[in-house]
Amino acid sequence: MIDSFSQYSLALDGFCKIIKPQMHGPYNIIGHSMGSAVVMDYLTCHPENLVDKIILAAPLVRCTLWTLSKIGCAIYSPFMKNIFRVFRNISSDKEYVRFVKHSDPLQAKFISLKWVKAMFEWDKKIAAAADINKPLLVIQGTKDTTVAWKYNLPFIMAKFKNTEIEFIENAQHEFFNEVPQYRDQAFSIIRDYLVMGK
223 MIDSFSQYSL
233 ALDGFCKIIK
243 PQMHGPYNII
253 GHSMGSAVVM
263 DYLTCHPENL
273 VDKIILAAPL
283 VRCTLWTLSK
293 IGCAIYSPFM
303 KNIFRVFRNI
313 SSDKEYVRFV
323 KHSDPLQAKF
333 ISLKWVKAMF
343 EWDKKIAAAA
353 DINKPLLVIQ
363 GTKDTTVAWK
373 YNLPFIMAKF
383 KNTEIEFIEN
393 AQHEFFNEVP
403 QYRDQAFSII
413 RDYLVMGK
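Residue numbering for the sequence shown follows the numbering used here, starting at 223 and increasing by one per position.
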């Protein structure tokens with residue numbers, strides 16, 4: 223289990239160093255949810271990076287029920303290392319939701335409170351980081367109940383001064399695994415941004 227979100231961005235930096243000699247640019251990056259947090263941390267730690275186009279999908283800065291989560295972590299962490307994970311409805315695709323809850327081997331059944339504490343510490347770190355002027359695109363579903371997007375989007379716009387936002391009305395958190403009308407819209411937005419620079 224990680225001690226700091228910085229470990230994620232260090233891994234991303236290591237990956238970038240591996241592919242740079244082997245692949246010519248441009249280098250584009252897409253992060254979803256916590257992956258977006260990793261991308262943001264990487265950008266603030268490596269402002270002279272080689273990334274061309276950046277897409278943050280349903281980005282995590284703070285999760286839903288942030289204050290309650292902090293209180294709960296403070297209460298339980300002296301006595302517990304992990305808590306049971308509550309699986310939310312993260313997509314309108316009911317078959318996908320069933321798969322995530324019951325069959326996906328990559329889905330943890332518990333959440334490490336050590337990881338939760340690392341998320342709280344990263345929130346302080348990203349808030350204190352210098353502003354970045356590099357252009358980026360944020361894609362956000364309006365029925366997302368996983369991340370606190372009404373807090374997150376203004377924060378990202380203030381921290382990353384050249385941010386463009388595209389909303390997908392009624393899409394939930396996992397819009398890459400949504401019903402076709404929302405999933406196709408997400409892929410169309412990405413294609414336009416990468417290919418045509420919109």
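Glycine included, every Cβ here is placed at the ideal spot set by N, Cα and C.
Considering just the uninterrupted stretch of the beta strand (DSSP E) at residue i, what are its terminal residues?
i	result
Asp274	273 to 279
Gly253	249 to 254
Ser291	Where Ser291 is concerned, there is no enclosing beta strand (DSSP E), although the alpha helix (DSSP H) it sits in stretches over 288 to 298.
Glu386	385 to 390
Ile224	Segment: none, Ile224 is in no beta strand (DSSP E) and carries neither H nor E.
Drop a sphere of 10 angstroms on the beta-carbon of residue i, count the other beta-carbons inside from all chains shown, and report buried for 16 or more, exposed for fewer.
i	result
Met302	exposed
Leu358	buried
Met341	buried
Ala380	exposed
Glu400	buried
Asp315	buried
Pro248	exposed
Leu290	exposed
Pro281	buried
Ala350	exposed
On the three-state DSSP scale, how would you describe residue i?
i	result
Phe398	helix
Val360	strand
Phe309	coil
Ser258	helix
Asn355	coil
Thr334	Residue identity differs from the one stated: residue 334 is Ser in this sequence, not Thr. Strand at Ser334.
Val283	coil
Phe301	coil
Ser489	Because the chain spans 223 through 420 in this model, residue 489 falls outside it and cannot be assessed.
Among the residues of its own chain, which have a CB less than 8 angstroms from the CB of residue i, if the five just before and after it don't count?
i	result
Ile251	Val261, Val273, Lys275, Ile276, Ile277
Ala408	Ala279, Ile361, Ile390, Ala393, Phe397, Phe398, Glu400
Met223	Ser334, Lys336, Trp337
Compute the Euclidean distance between the alpha carbons of residue i and residue j, then round it to the nearest angstrom.
i	j	result
Ser231	Cys238	10 angstroms
Thr286	Thr368	6 angstroms
Lys339	Met256	14 angstroms
Val319	Met245	36 angstroms
Leu335	Asn355	34 angstroms
Ala352	Glu317	42 angstroms
Asp366	Ser313	9 angstroms
Quick check on the DSSP output: the alpha helix (DSSP H) that includes residue i runs from which residue to which?
i	result
Ile240	228 to 241
Met379	371 to 381
Residues in the same chain with beta-carbon distance under 7 angstroms from residue i, minus the five sequence neighbours each way, listed in chain order, please.
i	result
Glu391	Thr364
Leu416	Asn250, Lys275
Ile333	Asn304, Ile305, Arg307
Ile411	Ile361, Glu388
Going by beta carbon distance, what residues of the same chain come within less than 6 angstroms of residue i, once the five residues before and after it are set aside?
i	result
Gln329	Val322
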